[in-house]
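Sequence positions in the sequence shown follow our numbering and run 126 to 561. Just so you know, even glycine gets a beta-carbon here, dropped at the ideal spot from N, CA and C. Structure first, commentary second.
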Amino acid sequence: MPAAEILRRRDGTVVLPRRDPIPVLTETEVLVAGGGTAGLAAAIAAARNGVKTLLVERHGYLGGLATGGLIVILLTLDDGAGQQVVRGLCQEVVERLDRLGAAVYPRGDERYSRDPAILRKWAEWGMQWGKGPHHVRYSVAFDPDALVRVADEMVAEAGVSLLYHVTVTDALVEDGAVRGVLVHGKLGWRAILARVVIDCTGDGDVLASAGAGFEHVKVVPWLWCLIGGVEGFDEVVGGEEVKCFRAVGDGRALIVPWRGYSSVGRQIDPLNPEDLTWAEVACRGKAFELIERHRATFRGFRRAHICRLATQLGITESRRLVGEYVLTSRDANCSFPDAVGRTGNWTRYKEFYDIPYRCLLPREVDGLLVAGRCISVDRKVHHSTKEIPCCFVTGQAAGTAAALALRTGVVPRRLDVQLLRRTLRDQGVFLGDAAA
């Protein structure tokens, strides 16, 4: 918008002149807002199921917290009882990373082992959490740069269109349905029109703007970082002294938020830019303080250095949709006739959650699906559903649902859920033992 006079008001607000018409940048069938792991899966699934798909992301890369946030462990792909429950696109990504030599995970007899030595080995990779008795779970450590490469390749192969470096600011709603979004970038405001929009922003930006119900919480911010130059890892890691895990790459370790050790000790509003600004500076300071302390204390860290700080804060909760169904902790180990995926609990054994399709659907508006960490669950269940494997699950479900809704001529909430389940199962998604 060209420069214009503004009217300053005494109540601390300003009044802008009437906005000029906003150009339509493009039209598409499915628009995916947010290119984290949920958005990646949603876009690939929609395009593979035959619809024109555009993926919009504010950064210049895909993967979200799994890449820019350096949360480089997939916790977990099993249910804690010996069953792999996260499959589909997430497993495909693991296999592609493996072919690049960029994934480390328990194989063969080591998976689900209770041998103390094997347990200790995988605990050093950050794959053992919660109360015992423990067994080795199917979790995966990976190289974040390799995941960026895999994401680029998979969206290109699927025929997904990409738009980086714009921020989704508003939903465009007409007659009770989302018809697209407004984005803002260096060229100003632009409109993108779509027949179905999938909110994978993590913060629920589209659903909130569209008038859907949500809950909003404060959280403690974290910042993950990768360090290099660690020597004699076996000697310096394994007790409670050093708060880090092995990472993919020689001499690399992952410093993670751990029991207050690197906590900034304050909750923030993850939607407030002033809070986020404070958290960025405070968390970086903690990371530098931590590596200096390790260098001074532990022999194996004398030559250690930070080789990468996360470029995104580890914010894993802000808004959560209050949708057609709110999944609660009472639903643990329960089956649902409209389940579109299943996830385990990374800190508890023998606990899983089926994800009902209704958890992806707002109550108030049509034309919108939600995937990733802002789906409709309570805070206890969110502890499981915020994890990267489950984000792949809900993203694949949402993208497939959007495509099928368009192909069958219905809005997403009217989609034949058994058709959706059959399609997901055919594409490798685990839905339990019962047939669709």
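Bridge partners - residue i, DSSP secondary structure assignment
i: residue 446; result: 339
i: residue 369; result: 380
i: residue 152; result: 318
i: residue 399; result: Answer is none; residue 399 lacks a bridge partner.
i: residue 266; result: 198 and 229
i: residue 433; result: 351
i: residue 591; result: Past the boundaries of the shown model lies residue 591; the chain is included only from 126 to 561, so the question cannot be answered.
i: residue 313; result: 310
i: residue 186; result: Note: residue 186 sits in no beta bridge, so no partner.
Enclosing beta strand (DSSP E) for residue i [first to last residue]
i: residue 275; result: That residue, residue 275, is in no beta strand (DSSP E); its alpha helix (DSSP H) goes 269 to 283.
i: residue 247; result: First-last for residue 247: 241 to 248, but that is the alpha helix (DSSP H), not the beta strand (DSSP E).
i: residue 295; result: 292 to 299
i: residue 542; result: Note, residue 542: premise wrong, no beta strand (DSSP E); alpha helix (DSSP H) at 542 to 551.
i: residue 303; result: 302 to 310
Burial state of residue i (16 or more Cβ within 10 Å)
i: residue 487; result: buried
i: residue 256; result: exposed
i: residue 177; result: buried
i: residue 182; result: buried
i: residue 365; result: Note that residue 365 scores 49 on pLDDT, short of 50, meaning its location in the model is unreliable and no value can be drawn from it.
i: residue 312; result: exposed
i: residue 269; result: buried
i: residue 260; result: buried
i: residue 470; result: buried
i: residue 535; result: exposed
i: residue 404; result: buried
i: residue 442; result: buried
i: residue 328; result: buried
i: residue 496; result: buried
i: residue 413; result: exposed
i: residue 475; result: exposed
i: residue 126; result: Its pLDDT being 48, under 50, residue 126 is placed unreliably in this model, and the value from its coordinates should be taken loosely. Exposed: under 16 other Cβ atoms inside 10 Å.
i: residue 643; result: The question about residue 643 has no answer here: the residues shown for the chain are numbered 126 through 561.
i: residue 205; result: buried
i: residue 377; result: buried
i: residue 145; result: exposed
Assumed close pair residue i, residue j - CB separation to whole angstroms, cut-off 8 Å
i: residue 191; j: residue 500; result: Contact flag wrong, Cβ pair sits at about 17 Å.
i: residue 119; j: residue 210; result: Here the chain has residues from 126 to 561 only, and residue 119 is not among them.
i: residue 524; j: residue 323; result: 7 Å
i: residue 347; j: residue 408; result: 7 Å
i: residue 394; j: residue 452; result: About 24 Å; that fails the 8 Å criterion.
i: residue 491; j: residue 302; result: 4 Å
i: residue 222; j: residue 271; result: 6 Å
i: residue 293; j: residue 158; result: 5 Å
i: residue 319; j: residue 305; result: 5 Å
i: residue 160; j: residue 189; result: 7 Å
Endpoints, the alpha helix (DSSP H) within which residue i is located
i: residue 164; result: 162 to 173
i: residue 517; result: 513 to 533
i: residue 213; result: 213 to 224
Check: residue i C-beta below 7 Å from any heavy atom of the ligand ADP
i: residue 312; result: Inclusion of the ligand ADP in the displayed structure is not the case, the ligand content being empty and no account of it being possible.
contact_flag[the stretch 166 to 175, the stretch 515 to 534] where n(CB pairs < 8 Å) is 3 or more:
yes
For the stretch 550 to 558 and the stretch 189 to 201, state whether three or more C-beta atom pairs, one from each stretch, are separated by less than 8 Å.
no
Are the stretch 334 to 346 and the stretch 232 to 243 in contact at 8 Å, needing three or more beta carbon pairs?
no
For the stretch 150 to 169 against the stretch 278 to 289, are there 3 or more C-beta pairs whose distance is under 8 Å?
yes
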